[in-house]
């Protein structure tokens, strides 16, 4: 028997998604034609309509959010908004600390855990007038075991992970944007499955302090949004106020979204993921690349340039290198959690921790050296194009609760270049993201290219 879509859940239309924009609505706040409180109530109505089926929220902060929205409404009426995110409803992944909401990491070890501080990103969003809607569901400690969240366009499918709740909420139109994290594919993959715009900025560009980290040299703060404009505004605001990670210069660029700019040269990458990709997704991707070529973009592949071929051949080993880095770095604090109560660590995460026990320091040092080489290769190749283009995932979100493959995301996590998922394709009546990757600290230029690509493919 066919599964009936839940209320507020239904077939995906790439040209008419459920995605919600705050950037556009803000103009109406300034003119008095709309208010942050009314905007929030529209978000709450969608949450109440379909969250029982989508299961995006670990904790809802509704009463406090209404107070925040009322305060924002008053500021706009007085012509004194605090920032470009003033009045913006935002969800916070439950790996990120909040002083007025529990932070439980979807882990029984932390049931009822109430931090006394906000993470840096949350603190400054709060100071800028953002409306904190609540905590979104994550997989346990960001590990491999599935969460309870469901895909907002088909609740028989996964939303991906580990930023599953944030992406599901954005995809369903419950909010215009939210925070995720990313150490493997936890922003780009669920953005692809749920039809979000997703940014994994240059490594260190967005302050991670106060967020859970299992891999210090690959973890990123992820930005998920219903529009590329909101994606940029959130990211740039966090960097401007909280800075980047200590020792990093932060995100470069204007406070406002960069104008769309046509990329003249694109390098199309198969990556390690091409052999895992279904035929329909390959066809959708090739069709999209064909449209970009017809629009005047020069397209280069591994067949056109030995340097691209060398890059493809080297980064085909991303699953192996990612595991060596991640499994070694996750030893702290994961070993300690196993010692405390191993029964409260789910099986897939436990297996990953145990796998890391077999890695030696020599192997980790070798992995670090190899990453240096990858970064050099990337920097040299990225100078020769406006963006590298590949898929965000091997296909749409699979049926079931498994998170799906992150193989298209591992190389960018290892290298630390910026990556954006654009919701510009459809397969099986479900979203499929195009991933664009750029130069280290070239996030603004990549966003400008992403705006143009999105406009070109969605017109």
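Residue numbers (our numbering): 1213 to 1671.
For every residue, glycine included, the Cβ atom is placed at its ideal position computed from N, Cα and C.
Residue 1274 sits away from residue 1247, with the two beta carbons spaced by 8 Å or more. DSSP lists 1602 and 1633 as the beta-bridge partner residues of residue 1647. As the crow flies, the alpha-carbon of residue 1658 is around 34 Å from that of residue 1316. Within the segment 1320 to 1392, the complete alpha helix (DSSP H) runs of at least 4 residues fall at 1332 to 1339 and 1376 to 1384. Around the beta carbon of residue 1479, a 10 Å sphere encloses 16 or more other beta carbons of the protein chains shown; the residue is thus reported as buried. For residue 1302 and residue 1256, the gap between their C-alpha atoms comes out near 12 Å. Under DSSP, residue 1642 shares a beta bridge with 1639. Cβ contact annotation for residue 1473 (same chain, cutoff 7 Å, sequence separation greater than five): 1660, 1661 and 1664, in chain order. One Cα belongs to residue 1498, the other to residue 1516, and the distance between them is close to 16 Å.
Residue environment analysis places residue 1615 among the buried positions, since at least 16 neighbouring C-beta atoms fall within 10 angstroms of its C-beta.
Within the same chain, and ignoring the five residues on either side of residue 1628 in sequence, the residues whose Cβ sits closer than 6 Å to its Cβ are 1415. By the 16-neighbour rule on beta-carbons within 10 angstroms, residue 1508 is exposed. Exclusion of the five residues before and after residue 1397 leaves 1618 and 1621 as the residues of its chain whose Cβ lies within less than 6 Å of its Cβ.
Between the segment 1220 to 1234 and the segment 1437 to 1444 there are three or more inter-stretch CB-CB distances shorter than 8 Å, so the stretches are counted as touching. With respect to residue 1644, residue 1496 sits close: the two C-beta atoms are nearer than 8 Å. Annotation for residue 1267: 1349, 1360, 1361 and 1362 place their beta carbon closer than 7 Å to its own, counting only its chain and skipping 5 residues before and after. Residue 1611 sits in a strand when the DSSP states are folded into three classes. Nearest C-alpha to residue 1428 among 1539, 1633 and 1253: 1539.
For the pair of segments examined, the segment 1369 to 1378 was found not to touch the segment 1415 to 1424: the number of CB pairs separated by less than 8 Å stays below three. At the C-beta level, residue 1558 and residue 1366 stay beyond 8 Å of one another. Cβ atoms of residue 1351 and residue 1383 stay farther apart than 8 Å, at about 17 Å.
Here residue 1668 is near residue 1504, since their CB atoms are less than 8 Å apart. In this structure, the alpha-carbon of residue 1263 lies about 16 Å from that of residue 1305.
Residue 1637 holds the alpha-carbon nearest to the alpha-carbon of residue 1502 among 1529, 1637 and 1312. Cβ contact annotation for residue 1338 (same chain, cutoff 7 Å, sequence separation greater than five): 1330 and 1344, in chain order. The three-state secondary structure of residue 1416, taken from DSSP, is coil. Shortest Cα-Cα distance from residue 1296 to any of 1310, 1446, 1534 and 1290 involves 1446.
Judged by DSSP in its simplified three-state form, residue 1292 adopts coil rather than helix or strand. Note on residue 1596: under 16 other CB atoms within 10 angstroms of its CB, so exposed under the neighbour-count rule.
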